[in-house]
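Trainee: The structure that follows is given in the form of structure tokens.
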Amino acid sequence: MILFLALITGILTTVGIFLLLRRSLVKVILGLAFLGHAANLLIFTIGRITKGKAAFVPEGLQSPFEPFADPLPQALILTAIVIGFGVQAFLIVLFKQNYKSLKSDDLDDMNTTDML
Amino acid sequence: MMNILILLPLVIPFLGAILTLFFREKVSFQRGIFSVSSGLVFIVSLFLLDHVFTTGVFSVQIGGWKAPFGITFVVDKLSAIMISISGLMAFSTSLYAFGSIDAEREKFGFYTLLSTLFVGINGSFLTGDLFNLYVWFEVMLMSSFVLIALGGTKAQLEGAVKYVTLNLISSLFFLVAVGILYGIVGTLNMADLAVKIKMHQDPWLITTVALMFIIAFGIKSAMFPLFFWLPASYHTPPAVISAVFAGMLTKVGVYAMIRVFTLIFTNNPEVTNGVLIVLAGATMLVGVLGAAAQNDIRRILSFHIVSQIGYMIMGLALASPLAIAGAVFYIIHHIIVKTNLFLIGGIVNEIKGTFALNKLGGVYKSYPLLGLLFLIPALSLAGIPPLSGFWAKFSLVKAGFEAEAWFITGLSLFVSILTLFQ
Amino acid sequence: MERSFWKDLPEGVEDIDKFDTFSTSKKRYLFIPAITLAVCTLIIGFFTAPFFDAAASSASELVNNVDYIKSVLEGVNNGEIYS
Numbered sequence: 000m001i002l003f004l005a006l007i008t009g010i011l012t013t014v015g016i017f018l019l020l021r022r023s024l025v026k027v028i029l030g031l032a033f034l035g036h037a038a039n040l041l042i043f044t045i046g047r048i049t050k051g052k053a054a055f056v057p058e059g060l061q062s063p064f065e066p067f068a069d070p071l072p073q074a075l076i077l078t079a080i081v082i083g084f085g086v087q088a089f090l091i092v093l094f095k096q097n098y099k100s101l102k103s104d105d106l107d108d109m110n111t112t113d114m115l
Numbered sequence: 000m001m002n003i004l005i006l007l008p009l010v011i012p013f014l015g016a017i018l019t020l021f022f023r024e025k026v027s028f029q030r031g032i033f034s035v036s037s038g039l040v041f042i043v044s045l046f047l048l049d050h051v052f053t054t055g056v057f058s059v060q061i062g063g064w065k066a067p068f069g070i071t072f073v074v075d076k077l078s079a080i081m082i083s084i085s086g087l088m089a090f091s092t093s094l095y096a097f098g099s100i101d102a103e104r105e106k107f108g109f110y111t112l113l114s115t116l117f118v119g120i121n122g123s124f125l126t127g128d129l130f131n132l133y134v135w136f137e138v139m140l141m142s143s144f145v146l147i148a149l150g151g152t153k154a155q156l157e158g159a160v161k162y163v164t165l166n167l168i169s170s171l172f173f174l175v176a177v178g179i180l181y182g183i184v185g186t187l188n189m190a191d192l193a194v195k196i197k198m199h200q201d202p203w204l205i206t207t208v209a210l211m212f213i214i215a216f217g218i219k220s221a222m223f224p225l226f227f228w229l230p231a232s233y234h235t236p237p238a239v240i241s242a243v244f245a246g247m248l249t250k251v252g253v254y255a256m257i258r259v260f261t262l263i264f265t266n267n268p269e270v271t272n273g274v275l276i277v278l279a280g281a282t283m284l285v286g287v288l289g290a291a292a293q294n295d296i297r298r299i300l301s302f303h304i305v306s307q308i309g310y311m312i313m314g315l316a317l318a319s320p321l322a323i324a325g326a327v328f329y330i331i332h333h334i335i336v337k338t339n340l341f342l343i344g345g346i347v348n349e350i351k352g353t354f355a356l357n358k359l360g361g362v363y364k365s366y367p368l369l370g371l372l373f374l375i376p377a378l379s380l381a382g383i384p385p386l387s388g389f390w391a392k393f394s395l396v397k398a399g400f401e402a403e404a405w406f407i408t409g410l411s412l413f414v415s416i417l418t419l420f421q
Numbered sequence: 000m001e002r003s004f005w006k007d008l009p010e011g012v013e014d015i016d017k018f019d020t021f022s023t024s025k026k027r028y029l030f031i032p033a034i035t036l037a038v039c040t041l042i043i044g045f046f047t048a049p050f051f052d053a054a055a056s057s058a059s060e061l062v063n064n065v066d067y068i069k070s071v072l073e074g075v076n077n078g079e080i081y082s
């Protein structure tokens, strides 16, 4: 399972970087989304996967039975997903506005701010 | 009592941000709320500063959860200093904004965004938890994304695209590094990390993660070779926004780097400091050479930020108490001076209607006082004694000689001479 | 950047001067922060000692981070939760 998830993380990262290096702005958005998913999956995998053992404390005890799934990485991912979602929405609007004013989605045309 | 005081630098601007949302059409209310809230933060930060310097470090566990499990907020001397400077900057830029920002931007939530920006900045200075630092970074970045694009001129949108993309990549590196560190050590509380990493049996594994943190914070603080987004975007928004960004945002990255590399990753200093010192030297040189070729006032200043970041990183990399003191003093001096220069550049633009050097001239002849006002921060930036920049550079150079790091010290002297010529 | 202040106006460029069109309050808002920060620079430059001492003591706190760790993990290290 861990091997499978590691492979998926690798593939998502590859796809993300490949898309980021394209010249089209839409692909940049998609690339960032893929990289974000890869990061989340990486945290999920690296937090050690334990199947079917939620970290609930049974009544009358001080701690859950070993082994239990570590809840912290999941909390981290949840936060990161929410943040990533907001950023994605903003990115789409920003890139659309940029396309409207520039009349092009080619990154090579975006050099007017770098003129001397 | 102190528990409440430590949270006020976050709560006050956040409440201010919410209040300004209620008065969307009444700009004068928004102005009042923002200047009062930033003034209050400055006063609170002075209390914090006083408390820290008399009684030492103190911390708050949010929600009463004991340290490695809950989120911790810590105020030590460095964060108290940074909070008070951020309060001062918030207040002075708020005044400047009243005079220079246009009504359109004010109506579309300029003060709300500026408030949340300072919430994020203050949160990054106060937190004692690595993932929480990521969250505050995101709060700060999100407001800065909207601020840099607010107004929607063509140049701004273009600059914003570059700024947003590069900073998102930096956040992803940060997130991945935090995740891997948790996988290795099993905690995210900075103090707890410091204890556990000292006892960890595989220092090279930790060093690998440390290098990922250098990449993440390196993009954020515009270090060579990851600085190129800064001069491409910082000159596009109005002068107030540029001034806040130039003063505070990159320094948050430097602060995070100082915090992480003095507290957490101290187990393999030859490698991390070695990498940092090479990058610091390159950052100084590239920044100052880039500035020489520019025509727009704000682009020159942007390249100077890059160059100055190199000095701060150099102080961190030399890692002696004097060098780090020099870096901290450099940050204090740099935030004030750089913000001031952007504000004065903005005044020149307001008067003459342009930032381009080849369309400007004779400003001193018609406004000698403005010239004098400009001369103070400009000479301080170049490091002329007895202005603040001189003392900052002097302590760094002295630390460099004490550490017998001849090459980097010589380079820093050479770069400061180059700065003088601009 | 000094060039914009001390060189002459380049030829063929119209000299714009909008200063007189500013209202008094606008002038005040523009100049007060710039002057305040310039005064801060001068203060830090001429009375460096307290500021540098603050930086130095914060640096010594950073280099010797026992206080920081103690403050955060206070009472936890001795307790049974954390070993």
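In order, the protein sequences belong to chains A, B and C.
Per numbering that gives the first Met the number 0: the first sequence = residues 0 to 115.
Per numbering that gives the first Met the number 0: the second sequence = residues 0 to 421.
Per numbering that gives the first Met the number 0: the third sequence = residues 0 to 82.
We treat Cβ as the ideally placed atom computed from N, Cα and C, and that holds for glycine.
1) So, using beta-carbon positions, are residue 75 (chain A) and residue 178 (chain B) closer together than 8 Å?
2) Where does the unbroken alpha helix (DSSP H) through residue 232 (chain B) begin, and where does it stop?
3) Find the residues of chain B that neighbour residue 32 (chain C), judging by a C-beta separation of less than 7 Å, and give them in chain order.
4) Does the structure place the region 76 to 88 of chain B close enough to the region 142 to 154 of chain B that three or more beta carbon pairs sit under 8 Å?
5) Nearest to residue 48 (chain B) by alpha carbon, out of B:413, B:62, B:75, B:28?
6) Starting from residue 40 (chain C), find everything on chain B with Cβ-Cβ shorter than 8 Å and list it in chain order.
7) On the premise that residue 28 (chain A) lies in contact with residue 84 (chain A), defined as a C-beta separation below 8 Å, what is that separation, rounded to the nearest angstrom?
8) For the beta strand (DSSP E) holding residue 58 (chain B), just list the boundary residues, first then last.
9) Can residue 198 (chain B) and residue 278 (chain B) be called in contact, C-beta distance under 8 Å?
10) May I ask which residues mark the beginning and end of the beta strand (DSSP E) holding residue 74 (chain B)?
11) Would you verify that the beta carbon of residue 80 (chain C) is, or is not, closer than 8 Å to some beta carbon of chain B?
12) Using a Cβ cut-off of 8 Å (strictly closer), state whether residue 109 (chain A) contacts chain B.
13) By the criterion of Cβ-Cβ separation under 8 Å, what are the contact partners of residue 78 (chain A) in chain B?
14) Are the C-beta atoms of residue 62 (chain A) and some chain B residue less than 8 Å apart?
15) Are the C-beta atoms of residue 317 (chain B) and some chain C residue less than 8 Å apart?
16) Quick check on this structure: which residue in B:175, B:111, B:170, B:122 has the alpha carbon closest to the alpha carbon of residue 149 (chain B)?
17) Could you give the uninterrupted runs of the alpha helix (DSSP H) lying entirely in the region 267 to 332 of chain B, keeping only those of 4 residues or more?
18) Measure the C-alpha to C-alpha separation of residue 107 (chain A) and residue 311 (chain B) and round it to an integer number of angstroms.
19) Using only the alpha-carbon positions, how far apart do residue 217 (chain B) and residue 18 (chain C) sit?
20) Distance check for residue 248 (chain B) and residue 335 (chain B), CA to CA, integer angstroms please.
21) Taking three-plus beta-carbon pairs below 8 Å as touching, is the region 402 to 418 of chain B in contact with the region 287 to 302 of chain B?
22) Alpha carbon to alpha carbon, what distance is there between residue 351 (chain B) and residue 361 (chain B)?
23) With H, G and I counted as helix, E and B as strand and the rest as coil, what does DSSP make of residue 353 (chain B)?
24) Residue 99 (chain B) to residue 203 (chain B), Cα distance in whole Å?
25) Of the residues that make up the region 93 to 107 of chain A, which ones have a beta carbon closer than 8 Å to any beta carbon in chain B?
Mentor: Answer, in terms of the structure:
1) Counting from one through the first sequence, the residue named residue 75 (chain A) turns up at place 76. Counting from one through the second sequence, the residue named residue 178 (chain B) turns up at place 179. Contact flag set, yes.
2) Looking up residue 232 (chain B) in the second sequence gives position 233. Element bounds for residue 232 (chain B): 228 to 232.
3) The residue given as residue 32 (chain C) occupies position 33 in the third sequence. Correct list: 91, 92, 94, 95, 342.
4) Not touching, per the Cβ criterion.
5) Position 49 of the second sequence, counting from 1, holds the residue named residue 48 (chain B). It is B:75 whose Cα lies nearest to the Cα of residue 48 (chain B).
6) Counting from 1 along the third sequence, the entry for residue 40 (chain C) is found at position 41. Correct list: 332, 335, 336, 339, 375, 376, 379, 386, 387.
7) By one-based count along the first sequence, residue 84 (chain A) stands at place 85. By one-based count along the first sequence, residue 28 (chain A) stands at place 29. That pair is no contact at about 13 Å.
8) Numbered from 1 along the second sequence, position 59 holds the residue referred to as residue 58 (chain B). Annotation: the continuous beta strand (DSSP E) that includes residue 58 (chain B) extends over 57 to 60.
9) By 1-based counting over the second sequence, the position of residue 198 (chain B) is 199. By 1-based counting over the second sequence, the position of residue 278 (chain B) is 279. At least 8 Å separates the beta-carbon of residue 198 (chain B) from that of residue 278 (chain B).
10) Taking the first residue of the second sequence as 1, we reach residue 74 (chain B) at position 75. Residues 71 to 74.
11) Here residue 80 (chain C) is taken as the residue at index 81 of the third sequence, counted from 1. In this predicted model, residue 80 (chain C) has a pLDDT of only 39, less than 50, meaning its place in the structure is not dependable; the value taken from the coordinates is given anyway. It does; some Cβ of chain B falls within 8 Å.
12) Here residue 109 (chain A) is taken as the residue at index 110 of the first sequence, counted from 1. At least one chain B Cβ lies under 8 Å of residue 109 (chain A).
13) By 1-based counting over the first sequence, the position of residue 78 (chain A) is 79. The contacting residues are 130, 134.
14) Walking along the first sequence from the start, residue 62 (chain A) turns up at place 63. With 8 Å as the cut-off, residue 62 (chain A) does not count as an interface residue toward chain B.
15) What you label residue 317 (chain B) is simply residue 318 of the second sequence in a count that begins at 1. It does not: the Cβ of residue 317 (chain B) has no partner Cβ on chain C nearer than 8 Å.
16) Walking along the second sequence from the start, residue 149 (chain B) turns up at place 150. Nearest neighbour of residue 149 (chain B) by Cα position, chosen from B:175, B:111, B:170, B:122, turns out to be B:111.
17) 268 to 291, 296 to 317, all fully within the region 267 to 332 of chain B.
18) Here residue 107 (chain A) refers to the residue found at position 108 when the first sequence is read from its first residue. Here residue 311 (chain B) refers to the residue found at position 312 when the second sequence is read from its first residue. Each residue's alpha carbon lies about 34 Å from the other.
19) To locate residue 217 (chain B), count along the second sequence from 1; it is residue 218. To locate residue 18 (chain C), count along the third sequence from 1; it is residue 19. So the two alpha carbons sit approximately 41 Å from each other.
20) By 1-based counting over the second sequence, the position of residue 335 (chain B) is 336. By 1-based counting over the second sequence, the position of residue 248 (chain B) is 249. In a straight line, the C-alpha of residue 335 (chain B) is about 13 Å away from that of residue 248 (chain B).
21) Touching, per the Cβ criterion.
22) Translated into positions along the second sequence, residue 361 (chain B) becomes position 362. Translated into positions along the second sequence, residue 351 (chain B) becomes position 352. Taking the straight line joining both Cα atoms gives about 11 Å.
23) Along the second sequence, read from residue 1 onward, the residue named residue 353 (chain B) stands at position 354. DSSP places residue 353 (chain B) in coil when its eight states are reduced to three.
24) In the second sequence, the residue the question calls residue 99 (chain B) occupies position 100. In the second sequence, the residue the question calls residue 203 (chain B) occupies position 204. Distance between the alpha carbons of residue 99 (chain B) and residue 203 (chain B): 52 Å.
25) Flagged, chain order: 93, 94, 96, 97, 100, 101.
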